[in-house]
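Inspection log for the structure reproduced underneath, given as structure tokens.
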């Protein structure tokens, strides 16, 4: 008998009380993970860190890490920073044929099976079964039945792998097909329509019937989340705010699910009160990613300004970032449209934060290292800190943080995360 998954326990609590949620940190960035771990510890809460099938897969993904390597990487970050891994939960997002849509369905699903084996054997406890995308020989769009058949196939692989590798916790699963574009929308937004209750109910019921057909009825109580669109989204320079009355019928549907709630993607940049309303309305799993690396970039830009004003003799982070993004336009060129000035603004300040893909670049890492070294042992004049980091100025004055490089960076990331943990607490 495996132990109850901590995510399932939290969702059970939400189902019983209508309170409490789960914060999902969707980032591989070390500073984001450390900042999130520190904040989760302050709230005595779970630290759920998720990687996508694009970031981490059996071939390395764009991070260069396989699932077992990502797990080791996150745990080492916590240990090296004196943080406990006791409440760490790893999640896998968009696990399915996402990365192999240009291949035929047989090949893509074989890759997907191997992807699941790698994730589960590495110790991931939350798996998003996402088979909603069409492969090269598939109709567009796929029917609910095909999506559910493929999800059941991957679920069976996950369960078999968990047993074979003696995983300590039961796995919990997320299903659902209405997932916003990873990293936010690419076009200008005016309004986003919430998923209809009818569509969500159909997705749930079709998956349930097909899982039972394949002998996975016992697993169904561990389907803890259904991905839906509650009516939130962001693009480069705008945010569609959550409007509870537009999602009230969808919200009510959660009461039909004995064990599941809703998972909301692209919740980045919502107003603080919106997170509390989302949890109240049973969108209890809140995913956030680009807003956290956006905050990290904000902190680096601010410290860059401070370093230049203090004449510390370090290269400009902002200038080097722009230089690298121009040299290697792969991650932004097809997303940032408009004239030269509009593209330049987007490269640095787009809410979709595609500059996050460039942070691991050696030249940028060198600049960050230079800044850390240059600030070590230095005291930033309070007036200068207030100019570029006014909230951190208050935190330093109140004794909440020290004025060192790492504390300033991590605190700034935590400002973006704080409303999530406030909304998720029981």
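Residue numbers (the UniProt record's numbering): 1 to 426. Positions of the beta carbon are idealized from the N, C-alpha and C atoms, including for glycine.
Determine the direct distance from the alpha carbon of residue 72 to that of residue 181, and round the result to whole angstroms. For the purposes of this step, residue 181 is taken as residue 181 along the chain shown, with counting starting at 1. For the purposes of this step, residue 72 is taken as residue 72 along the chain shown, with counting starting at 1. Confidence at residue 181 is low in this model, with a pLDDT of 47, below 50, so the placement of that residue should be treated as unreliable; the coordinate-derived value is given next. Taking the straight line from one Cα to the other gives about 28 Å.
Output yes or no for whether 8 Å exceeds the beta carbon distance between residue 92 and residue 50. Reading the chain shown from its first residue, position 92 is the one you call residue 92. Reading the chain shown from its first residue, position 50 is the one you call residue 50. Taking 8 Å as the Cβ cut-off, residue 92 and residue 50 qualify as a contacting pair.
Within 10 Å of its beta-carbon, does residue 98 have 16 or more other beta-carbons around it, so buried, or fewer, so exposed? In the chain shown, counting from the first residue as 1, residue 98 sits at position 98. So residue 98 ends up on the buried side.
What are the partner residues of residue 326, as DSSP defines its beta bridges? The residue labelled residue 326 in the question sits at position 326 within the chain shown. According to DSSP, which records beta bridges pairwise, residue 326 is partnered with nothing at all.
Please give the ranges of any alpha helix (DSSP H) in the region 106-191, keeping only runs that are unbroken, at least 4 residues long and fully inside the region. Secondary structure remark: continuous alpha helix (DSSP H) runs of at least 4 residues inside the region 106-191, in chain order: 144-164.
Between the C-alpha atoms of residue 239 and residue 426, what's the straight-line distance to the nearest angstrom? For the purposes of this step, residue 239 is identified with residue 239 of the chain shown, where counting begins at 1. For the purposes of this step, residue 426 is identified with residue 426 of the chain shown, where counting begins at 1. Rounded to the nearest whole angstrom, the CA to CA distance from residue 239 to residue 426 is 27 Å.
For residue 193, count neighbouring Cβ atoms within 10 angstroms of its own Cβ and tell me buried if that reaches 16, exposed if not. For the purposes of this step, residue 193 is taken as residue 193 along the chain shown, with counting starting at 1. By the Cβ-count criterion, residue 193 is exposed, with fewer than 16 other Cβ atoms from all chains shown falling within 10 Å of its own Cβ.
Which full runs of the alpha helix (DSSP H) of 4+ residues lie inside the region 34-103, going along the chain? Listed in chain order, the complete alpha helix (DSSP H) runs (minimum 4 residues) inside the region 34-103 are 67-80.
Determine, using beta carbons only, whether residue 74 and residue 83 come nearer to each other than 8 Å. The sequence position of residue 74 within the chain shown is 74, counting from 1. The sequence position of residue 83 within the chain shown is 83, counting from 1. In this structure, residue 83 does not lie closer than 8 Å to residue 74 by Cβ.
Figure out for me which residue from 393, 364 and 314 has the closest Cα to the Cα of residue 407. As a first step, residue 407 is located in the chain shown; it is residue number 407 there, counting from the start. Closest by alpha carbon: 393.
Report the residue ranges of all beta strand (DSSP E) runs contained in full by the region 287-332; include only those spanning at least 3 residues, in chain order. Those beta strand (DSSP E) runs which fall completely within the region 287-332 and span 3+ residues do not exist here.
Identify the residues that DSSP records as bridge partners of residue 405: which are they? By 1-based counting over the chain shown, the position of residue 405 is 405. Answer is none; residue 405 lacks a bridge partner.
For residue 106, which option in 136, 81 and 172 has the closest C-alpha, if you only look at C-alpha atoms? As a position in the chain shown, residue 106 is number 106, starting the count at 1. The residue among 136, 81 and 172 with its C-alpha nearest the C-alpha of residue 106 is 136.
Counting along the chain, where does the alpha helix (DSSP H) carrying residue 211 start and finish? Here residue 211 is taken as the residue at index 211 of the chain shown, counted from 1. Unbroken alpha helix (DSSP H) run through residue 211: 197-213.
Residue 263 - DSSP class collapsed to helix/strand/coil: Translated into positions along the chain shown, residue 263 becomes position 263. Per DSSP, reduced to three states, the secondary structure at residue 263 is strand.
Exposed or buried, which one is residue 362 when buried takes at least 16 other CB atoms within 10 Å? Numbered from its first residue, the chain shown carries residue 362 at position 362. Exposed.
Taking the straight line between their C-alpha atoms, what separation do you get for residue 121 and residue 378? Working through the chain shown from its first residue, we reach residue 121 at position 121. Working through the chain shown from its first residue, we reach residue 378 at position 378. Looking at the backbone, the Cα of residue 121 and that of residue 378 are separated by about 46 Å.
Over what stretch of residues does the alpha helix (DSSP H) that includes residue 396 continue unbroken? Locating residue 396 in the chain shown gives position 396, counting from the first residue. Start and end: 390-397.
Rounded straight-line distance, which links the Cα of residue 195 to that of residue 279: Your numbering for residue 279 matches position 279 in the chain shown. Your numbering for residue 195 matches position 195 in the chain shown. Taking the Cα positions, residue 279 is about 17 Å away from residue 195.
Grab the span of the alpha helix (DSSP H) containing residue 367 for me, first residue to last. Position 367 of the chain shown holds residue 367. Its alpha helix (DSSP H) spans residues 362-375.
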